[in-house]
DNA sequence: AAACCGAACAACCGCGTCCGA
DNA sequence: CTCGGACGCGGTTGTTCGGTT
């Protein structure tokens, strides 16, 4: 009730945006940029408050938005980022170019929470639900047990496993910095360097991925816990 | 064909933070 | 140091749409 504090002075429109309003906002911003949001509605000829204009632009009208349904890779990334960041939607969105925090938040609340519950995972804590009776599939059998890791929330190989089909190679240098390269040549996680500690020295080289499988380190060994390591990142 | 219901999406609201006067 | 405006974030509500009865 009451609306935004910035809307008190005038009768301003609320609710869904019309195509005409969208066109005015896009035209103004593409010509002049948004500058000070509070002055945008007046300059663009809109009966809206600046806050509403900002939201509409960021979540819907920006030209770099991807839109459309989330891919499996994006879903996996959201799950892992949510596990480590919690409900920091803007930070999660920063890891998914073309997606907005609002879009991810909505998708999480309306869809992904349910999916995780069906897989027997608590969407808040990311730990197995009590009893685990509703779906015998449970968490993916491929996922390594959490207790194998000193810092499971940031484990790069755990990320890598879900994303494996899209990974061309991972590199680990002498300082245990870990980076994943995707098949399209880009660096996953916006080029952020991940720390991978506890890896035996002879593995501290470059791991080539072939069809989603690392060639010199078998996932099975890793998953079974015969290779022990801990990992953390510099997010 | 109409009513109902749930999922998905769009937008609003309140609050915290930042920054300049 | 304090105050107020602008901005950004996360939670919540409202609306639309498609499927089912």
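Residue numbers (the working numbering): 1304 to 1538. The beta-carbon is built from N, C-alpha and C at its ideal position, and this holds for glycine as well. Bear in mind that the values here come from a model prediction, so they are computed numbers and not experimental data.
For residue 1322, the uninterrupted alpha helix (DSSP H) run begins and ends at 1322-1335, by DSSP.
For residue 1424, the pairing in a beta bridge is given by DSSP as 1431. For residue 1327, the number of other beta carbons within 10 angstroms of its own is at least 16, and it is reported as buried.
By the beta-carbon neighbour count (other beta carbons within 10 angstroms, threshold 16), residue 1335 is exposed. Around the beta carbon of residue 1413, fewer than 16 other beta carbons lie within 10 angstroms, which makes this residue exposed. Boundaries cannot be given for residue 1389, as no alpha helix (DSSP H) includes it and DSSP labels it neither H nor E. Burial state of residue 1349 is buried, judged by a 10 Å Cβ sphere holding 16 or more other Cβ atoms.
Spanning the alpha carbons of residue 1380 and residue 1321 requires a straight line of approximately 34 Å. Of the candidates 1411, 1402 and 1418, the residue whose Cα lies closest to the Cα of residue 1365 is 1402. Residue burial is scored here from C-beta neighbours: residue 1374 has fewer than 16 other C-beta atoms within 10 angstroms and is therefore classed as exposed.
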